[in-house]
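One structure is given below, encoded as C-alpha cells.
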Amino acid sequence: MHSFANLDSLTYSVMIKHSSILILLYFFSMFPSELPAQPDFVPNYDEGQVPNYTLPDPLVFKNGVEVKGELEWQQRRAEILQFFSSQVYGVTPSPPLNTKSKVLSTDNDALSGKATRKEIRLFLTNKKTRPYIDILLFTPNQATRPVPAFLGLNFYGNHTVHTAPNITLSDQWMRANEDFGIVNHRATESSRGVRASRWPIEMIIDRGYALATVYCGDIDPDKNDFQDGVHPLFYQSGQSMPESNEWGTIGAWAWGLSRAADHLQQEEAINDNQIAVIGHSRLGKAALWAGAQDARFALVISNNSGCGGAALSKRAYGETVGRINHSFPHWFCNNFEQYNKNEAGLPVDQHQLLALIAPRPLYVASAEEDQWADPRGEFLSAVHATPVYKLLGKEGLPVSEMPEIDQPVMGTIGYHIRHGGHDINAYDWQQYLDFADKHFGSSAP
Ligand code: GTR
Numbered sequence: 001m002h003s004f005a006n007l008d009s010l011t012y013s014v015m016i017k018h019s020s021i022l023i024l025l026y027f028f029s030m031f032p033s034e035l036p037a038q039p040d041f042v043p044n045y046d047e048g049q050v051p052n053y054t055l056p057d058p059l060v061f062k063n064g065v066e067v068k069g070e071l072e073w074q075q076r077r078a079e080i081l082q083f084f085s086s087q088v089y090g091v092t093p094s095p096p097l098n099t100k101s102k103v104l105s106t107d108n109d110a111l112s113g114k115a116t117r118k119e120i121r122l123f124l125t126n127k128k129t130r131p132y133i134d135i136l137l138f139t140p141n142q143a144t145r146p147v148p149a150f151l152g153l154n155f156y157g158n159h160t161v162h163t164a165p166n167i168t169l170s171d172q173w174m175r176a177n178e179d180f181g182i183v184n185h186r187a188t189e190s191s192r193g194v195r196a197s198r199w200p201i202e203m204i205i206d207r208g209y210a211l212a213t214v215y216c217g218d219i220d221p222d223k224n225d226f227q228d229g230v231h232p233l234f235y236q237s238g239q240s241m242p243e244s245n246e247w248g249t250i251g252a253w254a255w256g257l258s259r260a261a262d263h264l265q266q267e268e269a270i271n272d273n274q275i276a277v278i279g280h281s282r283l284g285k286a287a288l289w290a291g292a293q294d295a296r297f298a299l300v301i302s303n304n305s306g307c308g309g310a311a312l313s314k315r316a317y318g319e320t321v322g323r324i325n326h327s328f329p330h331w332f333c334n335n336f337e338q339y340n341k342n343e344a345g346l347p348v349d350q351h352q353l354l355a356l357i358a359p360r361p362l363y364v365a366s367a368e369e370d371q372w373a374d375p376r377g378e379f380l381s382a383v384h385a386t387p388v389y390k391l392l393g394k395e396g397l398p399v400s401e402m403p404e405i406d407q408p409v410m411g412t413i414g415y416h417i418r419h420g421g422h423d424i425n426a427y428d429w430q431q432y433l434d435f436a437d438k439h440f441g442s443s444a445p
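Here the sequence shown is numbered in my numbering, starting from 1 and rising by one per residue.
Next up, the structure:
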C-alpha cells in the first residue's frame, strides 16, 4: 500500500484532483461484476413490497379453456413446455448419435469396501477430444438387486466431491476460486475433496443408493461464451452463438444430465426406473429443467434453486429476472431478456415448470438465510403446482402454509426450509433419502 508521504507532488495533486474518481475505481475494483453495469439494482427483501401479481393457472390453456382431464393436461403440458423451451431456457437440440463410453477406472474397494467407484467417459463425437462428459459413479457393494441412483452436477470437478487421490482431476475451465485450489481457472491437486460436504457419499451408499455426478463444465463451462462446451456440436454452418430461442448454459447442463442418464440406464447395478436428478442452486435450475423435459428422471430435487429455478419470478423477491440475466447472460436464452424488469409480462411462472414434472415425485428445499433465492417463492411455487398433481390423482404438497424451519413435509411434493445459508448439506440429503425411500421403497441392505 502506498503512503501519501512517498508520492511526488505532481502525483499528489493529481490524486487530490481526481480523488473521487480513484475512490470510485477502487470501490468498483472490489466488486468487479457487481457495481458498474447495474448500479440501480437493490433486491427487495420486504414481503410488503412484493408486487401484486396473478399467477397463470397451469390448468387453463392460453386460449382460456380449462383443463378437465389427463388427456387435456398432456396438451396443456406441451403448451407450457413449449414456452419454457423457446422463451426461458432455450430449445434443446436432439442428442448426437455417436455417443460412446469408455470406463476410465474402477475401484471395487472404495469407501473401505462399501462401494464400487467407477469413472466413465462419454464421448459425444467420433473424436477423443472435448467435449466429453466424465461420470463419477459410486454403487453400494452390498446390494442384492439394482438400486436407485441420485444423479447431480457438481460445480468444481468430480475430484472435489471426494478426497480419494485417484479420481481424475478435471482439466476443464472452472470458475475462479483460489480457496478451492482453482488456479487460473484450472483445478489443482489441492482441490481434491473441497466440496465433499455437499456430497455425503457414505451416507448415500449406507442407505442403499448409488450416486453419480458430473462436472457441469464438462458440458458447458460456466462463462458467457458458447465455444468450449456442447453448443458448437449443434451449430449450423457459420453459426457461433445460439439463436435467441436456442439453449443457453442451463439448457446444456440439463441436456448433459440426460446424457448421463442414458449411460446410467446401461449400468447393471442401477434400477433404471429409479433415477433421481438433483441439483443445488444454478445446478438445481438445471435439475428442474432436466426433470421437466426428461420423464426418465423418476424423482426431481431442487436445492435452493431460486430465481429461474423453483422460485416464483413474479414476486421479484431477492434475485429477479433482470438481475439474473444481467449477471449470467449465458444461462437462459436471449428471449428471456424480454422479461427483465417485466415479470408481470411473463405468461408463465416457475410453478408451471414444477407442474411439468407431475405426477413424478418432486422435492423443493430452501434455506432460511438464503433470501436471495426467495424461500417463500420456492414454497409457493410448490403450492401452486399441486393442482396439477391432484388432477393426476396425486397428493402434491400436503400443506398450504409454509412449515417451520427444519420441519420437512413430504407428499408427492416435498418441501423443507432448513436453518442456515445457501448450501446443500447432510441435513438436506437426509430428507432427500427419506423422500426417495418413501417413493421408491427403502433400499437399505
Ligand atoms: C448466484 C445466483 C443464483 C444461484 C447461485 C449459485 O450468484 O445469483 O441464481 O444460482 O449463484 O448457483 O450458487
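Quick reminder that beta carbons are idealized off the backbone N, C-alpha and C, glycines included.
The structure presented is a predicted model; accordingly, all values stated were derived computationally and were not measured.
Delimiting residues of the alpha helix (DSSP H) encompassing serine 258 = From DSSP, the alpha helix (DSSP H) with serine 258 extends over 249-264.
ask   = Can you pull the DSSP bridge partners for glutamate 343?
value = For glutamate 343, DSSP records no beta bridge to any residue.
key: Buried or exposed (CB count within 10 angstroms, at least 16 for buried), methionine 241   = Result: exposed.
ask   = Which residue comes first and which comes last in the beta strand (DSSP E) that contains alanine 365?
value = 362-367 is the span of the beta strand (DSSP E), which, as asked, contains alanine 365.
task = Report whether the distance from the Cβ of glutamate 319 to the nearest heavy atom of the ligand GTR is below 8 Å.
result = Yes.
request  = Mind checking which residues open and close the beta strand (DSSP E) that includes arginine 418?
outcome  = That run of the beta strand (DSSP E) goes 413-418.
request  = Given a cut-off of 9 Å, decide if tyrosine 432 and isoleucine 413 are closer than it, judged by their beta-carbon atoms.
outcome  = When the beta-carbon positions are compared, isoleucine 413 and tyrosine 432 stay at least 9 Å from each other.
ask   = Between the C-alpha atoms of isoleucine 23 and proline 329, what's the straight-line distance to the nearest angstrom?
value = The pLDDT assigned to isoleucine 23 is 38, lower than 50, so where the model puts this residue is not dependable; a value taken from the coordinates is nonetheless given after this. Distance between the alpha carbons of isoleucine 23 and proline 329 is about 28 Å.
query = Within the present structure, is the beta-carbon of arginine 111 separated from the nearest heavy atom of the ligand GTR by less than 8 Å?
reply = Here the sequence assigns leucine to residue 111, which means arginine is not the residue at that position. No, since every heavy atom of the ligand GTR falls outside the 8 Å radius drawn around the Cβ of leucine 111.
ask   = Alpha carbon to alpha carbon, what distance is there between valine 65 and phenylalanine 379?
value = Inter-residue distance for phenylalanine 379 and valine 65 is about 27 Å (C-alpha atoms, whole angstroms).
message = Between the alpha carbons of arginine 323 and alanine 110, how many angstroms are there, rounded?
response = Distance between the alpha carbons of arginine 323 and alanine 110: 43 Å.
ask   = Does the count of Cβ pairs from the region 253-261 and the region 342-360 closer than 8 Å reach three?
value = No, the region 253-261 does not touch the region 342-360.
query = Under the three-state reduction of DSSP, which class applies to serine 86: helix, strand or coil?
reply = Helix at serine 86.
task = Could you spell out the range, first to last residue, of the alpha helix (DSSP H) harbouring arginine 323?
result = Counting along the chain, the alpha helix (DSSP H) containing arginine 323 begins and ends at 321-327.
query = Got a sec, what are the start and stop residues for the alpha helix (DSSP H) isoleucine 278 sits in?
reply = No alpha helix (DSSP H) holds isoleucine 278; the beta strand (DSSP E) holding it covers 270-280.
ask   = Is the CB-CB distance between proline 95 and alanine 436 below 9 Å?
value = With a cutoff of 9 Å on beta-carbon distance, proline 95 and alanine 436 are scored as not near each other.
ask   = So, lysine 114 versus glutamine 142, is the Cβ gap smaller than 9 Å?
value = Contact: yes.
task = With a threshold of 16 other CB atoms inside 10 Å of the CB of lysine 100, please say whether the residue is buried or exposed.
result = When all chains shown are included, lysine 100 counts as exposed.
query = For leucine 283, is the beta carbon positioned less than 8 Å from some heavy atom of the ligand GTR?
reply = When distances are taken from the beta-carbon of leucine 283 to the heavy atoms of the ligand GTR, the shortest one is below 8 Å.
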